[in-house]
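**Q** Quick note on numbering: the sequence shown equals residues 1295 to 1490 in the working numbering. Idealized CB from N, CA, C, for every residue including glycine. This is the structure I want to talk about, given as structure tokens.
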Amino acid sequence: MPFRKVSFIPDSFYHIFNRGSEKRVIFNSSRDYNKFLSRMEENADKHEIEIICYCLMPNHFHLLLRQKENGKIPIFMKCLQLGYAKYFNTKYQRVGPLFQGRFKAKWIENDEYLLQVSSYIHRNPLSLNKKYEQRKDALLYYPYSSYKEYISTNKNITNPDFILSYFSKTNPKLTYRSYVEEILPKEMELAQYLLE
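Pasting the structure below:
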């Protein structure tokens, strides 16, 4: 098994992502999405992982995580992916790997990159709607993203406070929403290599 190029440093942020083997759909129903989310929350508490933001798409997922202790993210991800794959394979009477190998991880090396990645993750549902007038609604109403936790008073499994601290002190949620809903050239460049 090849070694990872990424070291998991305590109190650092990481963009974690993976997709279904052969780009297959990994979430067939709302129950599947909710099972993944509940496993994610349960394992985050157990392994001292802070979930900053997330988005689950039909054939892939993105997580922005901060680990409190050294080496916790690989353990967290192993538990999350193996547990979900076991549930999925049992439910759909299938065998074999569900995910396309190991999860991918990018270390977030600076604040600008951190904000770009959070926006990129929250903008993922835009790909589901091609019509311009429906695109912003896709962000607001997509049920398997933490975006609503950032722009409303809903707080569920993420901690948006760190990201929101970079925005307007009077109304950080509104400022963050404007930031996410604008087209950012650097973000478009970022999208080219994140999910290879």
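Cutting at 6 Å between CB atoms, please list the residues of its own chain near Pro-1304, excluding the five before and the five after it.
**A** Around Pro-1304: Glu-1363 and Asn-1364.
**Q** Tell me, please, whether the region 1384-1392 touches the region 1332-1343 by the rule of three or more beta-carbon pairs shorter than 8 Å.
**A** No: the two stretches stay apart, fewer than three of their Cβ pairs being nearer than 8 Å.
**Q** Please list the segments of the beta strand (DSSP E) lying wholly inside the region 1377-1414, counting only runs of 3 or more residues, in order along the chain.
**A** Runs found: 1398-1401.
**Q** Grab me the residues of Tyr-1370's own chain with a C-beta within less than 6 Å of its C-beta, minus the 5 sequence neighbours each way, in chain order.
**A** According to the sequence as given, residue 1370 is Phe; it is not Tyr. The answer, listed in chain order, is Asn-1337, His-1341 and Ile-1343.
**Q** Give me, in chain order, the residues of the same chain whose beta-carbon lies closer than 8 Å to that of Pro-1479; leave out the 5 immediate sequence neighbours on both sides.
**A** Residue confidence for Pro-1479 is low, a pLDDT of 45 falling below 50, so the modelled location carries little weight; the figure read from the coordinates is stated next. Once the five neighbours on either side are set aside, Pro-1479 has no close Cβ partner at all.
**Q** Check each candidate in Leu-1468, Glu-1443 and Lys-1463 and name the one with the smallest Cα separation from Pro-1454.
**A** Comparing Cα-Cα distances from Pro-1454 to each of Leu-1468, Glu-1443 and Lys-1463, the minimum goes to Glu-1443.
**Q** State the start and end residues of the unbroken alpha helix (DSSP H) segment that holds Tyr-1327.
**A** Taken as a continuous stretch (DSSP letters only), the alpha helix (DSSP H) holding Tyr-1327 covers 1324-1341.
**Q** With burial defined as no fewer than 16 other Cβ atoms inside 10 Å of the residue's Cβ, what is the status of Val-1474: buried or exposed?
**A** It counts as buried.
**Q** Nearest-angstrom Cα distance between Asp-1405 and Ile-1346?
**A** Approximately 14 Å between the Cα atoms of the pair.
**Q** When the Cα atoms are used, what is the spatial distance from Leu-1357 to Ser-1462?
**A** In a straight line, the C-alpha of Leu-1357 is about 24 Å away from that of Ser-1462.
**Q** Rounding to the nearest angstrom, what Cα-Cα distance links Arg-1313 and Ser-1472 in this structure?
**A** Looking at the two C-alpha atoms, the distance is approximately 29 Å.
**Q** Hey, quick one: how far does the alpha helix (DSSP H) through Arg-1471 stretch, first residue to last?
**A** Counting along the chain, the alpha helix (DSSP H) containing Arg-1471 begins and ends at 1466-1475.
**Q** At a cut of 8 Å, does the region 1315-1333 reach the region 1399-1415 through at least three beta carbon pairs?
**A** Judged by Cβ distances under 8 Å, the region 1315-1333 makes no contact with the region 1399-1415, as fewer than three pairs qualify.
**Q** Is the beta carbon of Ile-1310 less than 8 Å from the beta carbon of Ile-1367?
**A** Yes.
**Q** Does DSSP classify Tyr-1308 as helix, strand or coil?
**A** Tyr-1308: strand per DSSP, three-state reduction.
**Q** In whole angstroms, what separates the C-alpha of Ser-1446 from that of Lys-1467?
**A** Near 7 Å, if we compare the C-alpha coordinates of Lys-1467 and Ser-1446.
**Q** Count the other CB atoms within 10 Å of the CB of Leu-1435; is the residue buried (16 or more) or exposed (fewer)?
**A** Looking at the sequence provided, one finds Tyr at residue 1435 rather than Leu. Its Cβ having fewer than 16 others within 10 Å, Tyr-1435 is exposed.
**Q** Going by C-alpha to C-alpha distance, which of Ala-1432, Pro-1419, Gln-1410 and Phe-1355 sits closest to Arg-1396?
**A** Ranking the options by Cα distance to Arg-1396, first place goes to Phe-1355.
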